[in-house]
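Working notes, beginning with the structure itself.
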């Protein structure tokens, strides 16, 4: 746990591996590591900072962008911003839903021939407390988590079986998705937190938006409760949901 950004996997355009491994990348994501992806094209270079990550079994993992801001549409100037929801993984294809002003959603996922792919991780997180969907402790110390909240430490939460939350479907493949928190609180003896916007996909792997995707405001709690307002892009309004899930609560040991 160095707190430094480390290259976990490098791939060429044909997706052959130059260094690292897909398993090592997925293992880091399963530990809650922060994830970034550097890519090149013939016109530009970019590095994507993922607001959310997801890891399934084996080498399955993905980085999710919950609110990418668009300033053009198909190369043309626009008078209103648009929002895109992205999923990137090691397959060489990305998923994109572009949510346009006027509540219009377009599926623009594709396979794109990037020059290189470099996956970086910052493995700086420690699990402080873990509980099941009923709020029963599995590991760690809830009192320590409360102390860390009081000290202003950086907290994130990993929600098991997040995909399928809208339908309350737990039948999909095992996975955990990590979301940044921005307002941890202590109330009624529990820790809860307002999170950054969260992407909720269908309970399938690989993650494909045509199978179902929602953008959501969520407030998880160590009681196992998860309050959620979810909307399918292009189909407002939001729907209020109350669900239960097993969760991990992590603290950044560095940074």
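In my numbering, the protein residues as written are 7 to 261.
Positions of the beta carbon are idealized from the N, C-alpha and C atoms, including for glycine.
Note that the coordinates shown come from a computational prediction; the quantities given were computed from them, not determined experimentally.
Between the options, which lies nearest to residue i when the distance is taken from Cα to Cα?
| i | options | result |
| --- | --- | --- |
| residue 123 | 144, 169, 95 | 95 |
| residue 55 | 61, 66, 63, 43 | 43 |
| residue 230 | 22, 237, 261, 164 | 164 |
| residue 211 | 168, 113, 151 | 168 |
| residue 216 | 135, 112, 31 | 112 |
| residue 180 | 186, 244, 213 | 213 |
| residue 129 | 261, 101, 9, 255 | 9 |
Who are residue i's beta bridge partners in DSSP?
| i | result |
| --- | --- |
| residue 183 | 60, 165 |
| residue 40 | 128 |
Buried or exposed for residue i, please, with buried defined as at least 16 other CB atoms from any protein chain shown within 10 angstroms of its CB.
| i | result |
| --- | --- |
| residue 109 | exposed |
| residue 59 | buried |
| residue 104 | buried |
| residue 29 | exposed |
| residue 34 | buried |
| residue 143 | exposed |
| residue 135 | buried |
| residue 170 | buried |
| residue 249 | buried |
| residue 93 | buried |
| residue 53 | exposed |
Roughly how many angstroms separate the alpha carbons of residue i and residue j, rounded to a whole number?
| i | j | result |
| --- | --- | --- |
| residue 155 | residue 62 | 28 Å |
| residue 115 | residue 76 | 15 Å |
| residue 223 | residue 235 | 5 Å |
| residue 19 | residue 48 | 12 Å |
| residue 39 | residue 79 | 32 Å |
Determine the contact status of residue i and residue j, defining contact as a CB-CB distance below 9 Å.
| i | j | result |
| --- | --- | --- |
| residue 73 | residue 233 | no |
| residue 252 | residue 68 | no |
| residue 86 | residue 71 | no |
| residue 264 | residue 166 | The structure shown does not extend to residue 264, since the chain is modelled only from 7 to 261, so the question has no answer here. |
| residue 31 | residue 131 | no |
| residue 121 | residue 46 | yes |
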